[in-house]
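Visitor:
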Amino acid sequence: MSKRVVVTGMGVVAPNGVGVPAFLHAIQNGVSGLKFMPHFRELNFNCQVCGVPDFQFDELKNYLSEVAFHGLKGSTIGYAIKAAADAWVDAGNSINTGEIHWETGCVFGNSLADMEIMKRVITHVDIKQSRKLGSKVVEQLMNSGATANITGLLGIGNRIITNSAACATGSQAILMGYEYIKNGTAKRMLVGSNEYIDSYVFAAFDAMRILGRKFNDEPERASRPMSATACGFVPGSGAAALVLEDLDFALARNATIYAEVLGGATNSGGQKKGGSMTAPNSEGIVRCITDALINAAVDPAGINMISGHLTATMADKMEIENWSKVLNRRGDNFPLINSLKSMIGHCLSAAGSIESVAVILQLMHGFVHPNINLEDPNPEITDIVSANVLPTKKINKEINIAAKANFGFGDVNACLIFSKFKK
Numbered sequence: 249m250s251k252r253v254v255v256t257g258m259g260v261v262a263p264n265g266v267g268v269p270a271f272l273h274a275i276q277n278g279v280s281g282l283k284f285m286p287h288f289r290e291l292n293f294n295c296q297v298c299g300v301p302d303f304q305f306d307e308l309k310n311y312l313s314e315v316a317f318h319g320l321k322g323s324t325i326g327y328a329i330k331a332a333a334d335a336w337v338d339a340g341n342s343i344n345t346g347e348i349h350w351e352t353g354c355v356f357g358n359s360l361a362d363m364e365i366m367k368r369v370i371t372h373v374d375i376k377q378s379r380k381l382g383s384k385v386v387e388q389l390m391n392s393g394a395t396a397n398i399t400g401l402l403g404i405g406n407r408i409i410t411n412s413a414a415c416a417t418g419s420q421a422i423l424m425g426y427e428y429i430k431n432g433t434a435k436r437m438l439v440g441s442n443e444y445i446d447s448y449v450f451a452a453f454d455a456m457r458i459l460g461r462k463f464n465d466e467p468e469r470a471s472r473p474m475s476a477t478a479c480g481f482v483p484g485s486g487a488a489a490l491v492l493e494d495l496d497f498a499l500a501r502n503a504t505i506y507a508e509v510l511g512g513a514t515n516s517g518g519q520k521k522g523g524s525m526t527a528p529n530s531e532g533i534v535r536c537i538t539d540a541l542i543n544a545a546v547d548p549a550g551i552n553m554i555s556g557h558l559t560a561t562m563a564d565k566m567e568i569e570n571w572s573k574v575l576n577r578r579g580d581n582f583p584l585i586n587s588l589k590s591m592i593g594h595c596l597s598a599a600g601s602i603e604s605v606a607v608i609l610q611l612m613h614g615f616v617h618p619n620i621n622l623e624d625p626n627p628e629i630t631d632i633v634s635a636n637v638l639p640t641k642k643i644n645k646e647i648n649i650a651a652k653a654n655f656g657f658g659d660v661n662a663c664l665i666f667s668k669f670k671k
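Below is the structure:
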């Protein structure tokens, strides 16, 4: 096999678009998916804005049998099934064929078991009605519930992994799938991640006082990466999936190829030297990006675009400094950089996979999506890089190589290098 890894299918459930066509339109036009949540005001949360996909649960009937659909309640699993099934079909495959794909594996990540289901279990147990829970509760309560549902639906028979690394989960899942193909363990991998932010998870972040609270009445303006008026991140929900394949395997079945994964890296800053459970160690980030470039055999001067982690917190400046240090590029010489979080908020475990779909679409269609809400760039950032590399409107430009990074709680880092596909 060639050991070159290419992307042949994509599926996305994002706050600003469900399905690749809707999502592509949204990111090209700077459409926000953030909404005011009346329920959060009733609960007296400081932040009352969230990114929630316009997802119709009944859509899953297009993929699942009546038996499989009956009793399925969890939104996070629903998002994952939709994204994964769409990616699988997009790659030219069929669902429910009865075939086992021994050459295909799956890495799909999330933060938590489904809290909606957990609440249901706790409520029924507390009122002494656990017998009414039904037989499908456990498979939705377990942390591998999404992966189990996906692999059963698609008949995936190779390595099956549920990963969890906070905000680095999605990028890490893609990297793991890449590595399994690269080392010959699998010829094809279904990879991605999912997240659902219900009121209980939202409350935990709100209590940390790290969420944006100043734009509750203007939800579309609430997520402001790299802005002088950034006031914290806005949580989002969703899922995305990619089908990765060995190039020879993809060519043999005449698959459409969207992009190539050149390489990547993941590491930890060890929660030392300024790093902590909730803050990154810059040395770890620098090492991760550097190792990703080395693994991908890409010169720093060859990076045309960066899809940053950039959450609209104080860490934005640190991230820009770290990229500048690794690439040895500043001012107008710095690559164009954007943050999808300006449109969809921070989808936590799903962030890396949704943002990677956005990167691939930009490579395919020759554009750089805007950073919305960046009418006032942080001067500490523009002291490092030019405001010209922080686009506030879509830029039509051929992008050959793009870097995508995510940094998660626990001081975990992941970086991917994507390119346009060239034979």
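Numbering (this note's numbering), first residue to last: 249 to 671. No residue lacks a Cβ here, since even glycine has one placed at the ideal position from N, Cα and C. Computed from a prediction, not measured in an experiment: that's the story for all the values here.
1) Taking the alpha carbon of Ala-434 as the point to measure from, which residue in Thr-410, Gly-440, Gly-405, Gly-460 has its own alpha carbon closest?
2) Roughly how many whole angstroms lie between the Cα atoms of Asn-292 and Phe-284?
3) Quick one: Cα of Gly-294 to Cα of Ala-452, how far?
4) Name the DSSP bridge partner or partners of Ala-653?
5) Within 10 angstroms of its Cβ, does Ile-365 collect 16 or more other Cβ (buried), or is it exposed?
6) Quick check: Asn-626 and Asp-580, are their CB atoms within less than 7 Å of each other?
7) By the DSSP assignment, the alpha helix (DSSP H) with Arg-436 in it spans what residues?
8) Tell me which residue opens and which closes the beta strand (DSSP E) that Val-300 is part of.
9) Mapping the DSSP letters down to three states, classify Ala-316 as helix, strand or coil.
10) Among all the DSSP beta bridges, which residues are the ones paired with Glu-290?
11) Taking the alpha carbon of Ala-507 as the reference point, which residue from Asp-564, Lys-430, Lys-670 has its own alpha carbon closest?
12) Out of Glu-468, Asn-661, Ser-471, Ala-598, which has the shortest C-alpha to C-alpha gap to Ala-527?
13) To the nearest angstrom, how far is it from the Cα of Ala-270 to the Cα of Lys-376?
14) What are the start and end residues of the beta strand (DSSP E) that includes Asp-446?
15) Do His-557 and Pro-483 have their C-beta atoms within less than 7 Å of each other?
16) Within 10 angstroms of the Cβ of Arg-436, are there 16 or more other Cβ atoms? Answer buried if so, exposed if not.
17) Report the three-state DSSP secondary structure of Gly-522 (helix, strand or coil).
18) Under 7 Å, do Ala-488 and Val-605 count as touching if we go by C-beta distance?
19) So does the segment 422–429 actually touch the segment 508–527, counting three or more Cβ pairs closer than 8 Å?
20) Rounded to whole angstroms, how far is the Cβ of Arg-469 from the Cβ of Asn-621, which I believe are closer than 8 Å?
21) What separation, rounded to the nearest whole angstrom, lies between the Cα atoms of Val-373 and Glu-443?
22) Hey, how far is the Cα of Ala-545 from the Cα of Arg-535?
23) When burial is assigned at 16 or more other CB atoms within 10 Å of the CB, is Gln-420 buried or exposed?
24) Going by Cα to Cα distance, which pick from Phe-666, Asp-659, Lys-668 is closest to Cys-415?
25) DSSP on Leu-282, reduced to helix/strand/coil?
26) Taking 7 Å as the cut-off, decide whether the C-beta atoms of Gln-296 and Asn-464 are in contact.
27) How many angstroms separate the CA atom of Ala-540 from the CA atom of Asn-570?
28) Could you pull out every residue in the same chain whose Cβ sits closer than 8 Å to the Cβ of Phe-481, ignoring the five residues on either side in sequence?
29) I'd like the span of the alpha helix (DSSP H) that includes Cys-536, first residue to last.
30) Give me the Cβ distance between Gln-388 and Ile-325, rounded to the nearest whole Å; I'm assuming they're in contact under 8 Å.
31) Can you round the beta-carbon distance between Ile-505 and Thr-256 to whole angstroms, since I take them to be within the 8 Å contact cut?
32) I need the DSSP call for Glu-347, collapsed to helix, strand or coil.
33) For chain B, check one thing: does any of its Cβ atoms lie closer than 7 Å to the Cβ of Ala-650?
34) Based on the DSSP output, what are the partners of Ile-404 in its beta bridges?
35) Enumerate in chain order the residues of its own chain whose CB-to-CB distance from Glu-347 is below 6 Å, with the five nearest sequence positions on each side excluded.
36) DSSP three-state label for Arg-547, please.
Guide: Here's the rundown:
1) Walking along the sequence shown from the start, residue 434 turns up at place 186. The candidate whose alpha carbon is nearest that of Ala-434 is Gly-405.
2) Taking the sequence shown and counting its residues from 1, the one referred to as residue 292 is at position 44. Taking the sequence shown and counting its residues from 1, the one referred to as residue 284 is at position 36. Cα to Cα, Asn-292 sits roughly 13 Å from Phe-284.
3) Locating residue 294 in the sequence shown gives position 46, counting from the first residue. Locating residue 452 in the sequence shown gives position 204, counting from the first residue. According to the sequence shown, residue 294 is Asn rather than Gly. Rounded to whole angstroms, Asn-294 to Ala-452 spans 12 Å at the Cα level.
4) By 1-based counting over the sequence shown, the position of residue 653 is 405. According to DSSP, which records beta bridges pairwise, Ala-653 is partnered with Cys-663.
5) Taking the first residue of the sequence shown as position 1, residue 365 is located at position 117. When all chains shown are included, Ile-365 counts as buried.
6) Numbered from its first residue, the sequence shown carries residue 626 at position 378. Numbered from its first residue, the sequence shown carries residue 580 at position 332. Contact: no.
7) The residue given as residue 436 occupies position 188 in the sequence shown. No alpha helix (DSSP H) holds Arg-436; the beta strand (DSSP E) holding it covers 436–443.
8) The residue labelled residue 300 in the question sits at position 52 within the sequence shown. Unbroken run through Val-300: none, as it is neither H nor E.
9) For the purposes of this step, residue 316 is identified with residue 68 of the sequence shown, where counting begins at 1. Helix at Ala-316.
10) Locating residue 290 in the sequence shown gives position 42, where the first residue counts as 1. None, per the DSSP bridge assignment.
11) Within the sequence shown, residue 507 is the residue found at index 259, counting from 1. Looking at the Cα atoms, Lys-670 is the closest of the given residues.
12) Locating residue 527 in the sequence shown gives position 279, counting from the first residue. Minimum Cα distance to Ala-527 is reached at Asn-661.
13) Residue numbering aside, residue 270 sits at position 22 when the sequence shown is read from its first letter. Residue numbering aside, residue 376 sits at position 128 when the sequence shown is read from its first letter. Answer to the nearest angstrom: the Cα atoms are 45 Å apart.
14) Walking along the sequence shown from the start, residue 446 turns up at place 198. Per DSSP, Asp-446 belongs to no beta strand (DSSP E) and is neither H nor E.
15) Numbered from 1 along the sequence shown, position 309 holds the residue referred to as residue 557. Numbered from 1 along the sequence shown, position 235 holds the residue referred to as residue 483. Against a cut-off of 7 Å, the Cβ pair of Pro-483 and His-557 comes out as no contact.
16) Position 188 of the sequence shown, counting from 1, holds the residue named residue 436. Classification of Arg-436: buried, given that the 10 Å Cβ count is 16 or more.
17) Looking up residue 522 in the sequence shown gives position 274. Three-state DSSP puts Gly-522 in coil, outside helix and strand.
18) The residue you call residue 488 lines up with position 240 of the sequence shown. The residue you call residue 605 lines up with position 357 of the sequence shown. Closer than 7 Å, so yes.
19) yes
20) By one-based count along the sequence shown, residue 469 stands at place 221. By one-based count along the sequence shown, residue 621 stands at place 373. Sure, about 5 Å apart at Cβ, within 8 Å.
21) Taking the first residue of the sequence shown as position 1, residue 373 is located at position 125. Taking the first residue of the sequence shown as position 1, residue 443 is located at position 195. Distance between the alpha carbons of Val-373 and Glu-443: 25 Å.
22) Here residue 545 refers to the residue found at position 297 when the sequence shown is read from its first residue. Here residue 535 refers to the residue found at position 287 when the sequence shown is read from its first residue. Distance between the alpha carbons of Ala-545 and Arg-535: 15 Å.
23) Translated into the one-based positions of the sequence shown, residue 420 becomes position 172. Under this definition Gln-420 is a buried residue.
24) As a first step, residue 415 is located in the sequence shown; it is residue number 167 there, counting from the start. Of the candidates Phe-666, Asp-659, Lys-668, the one whose C-alpha sits nearest the C-alpha of Cys-415 is Asp-659.
25) If you number the sequence shown from 1, residue 282 lands on position 34. Of the three classes helix, strand and coil, the one that applies to Leu-282 here is strand, per DSSP.
26) If you number the sequence shown from 1, residue 296 lands on position 48. If you number the sequence shown from 1, residue 464 lands on position 216. Yes, the Cβ-Cβ distance between Gln-296 and Asn-464 is below 7 Å.
27) Here the question's residue 540 lines up with position 292 in the sequence shown. Here the question's residue 570 lines up with position 322 in the sequence shown. C-alpha separation (whole angstroms): 14 Å.
28) Position 233 of the sequence shown holds residue 481. Contacts found: Ile-458, Leu-459, Gly-460, Ser-471, Thr-559, Ala-560, Thr-561, Lys-589, Gly-593, His-594.
29) The residue you call residue 536 lines up with position 288 of the sequence shown. Where Cys-536 is concerned, the enclosing alpha helix (DSSP H) stretches over 530–544.
30) Along the sequence shown, read from residue 1 onward, the residue named residue 388 stands at position 140. Along the sequence shown, read from residue 1 onward, the residue named residue 325 stands at position 77. Sure, about 6 Å apart at Cβ, within 8 Å.
31) For the purposes of this step, residue 505 is taken as the residue at position 257 of the sequence shown. For the purposes of this step, residue 256 is taken as the residue at position 8 of the sequence shown. Sure, about 6 Å apart at Cβ, within 8 Å.
32) One-based indexing of the sequence shown puts residue 347 at position 99. In this structure, Glu-347 counts as coil in the three-state DSSP scheme.
33) Absent from the structure: chain B. Only one protein chain is present.
34) Translated into positions along the sequence shown, residue 404 becomes position 156. Ile-404 pairs with His-349.
35) Numbered from 1 along the sequence shown, position 99 holds the residue referred to as residue 347. Contacts found: Gly-403.
36) The count along the sequence shown starts at 1 and reaches residue 547 at position 299. Here residue 547 turns out to be Asp, not Arg, going by the sequence shown. In this structure, Asp-547 counts as coil in the three-state DSSP scheme.
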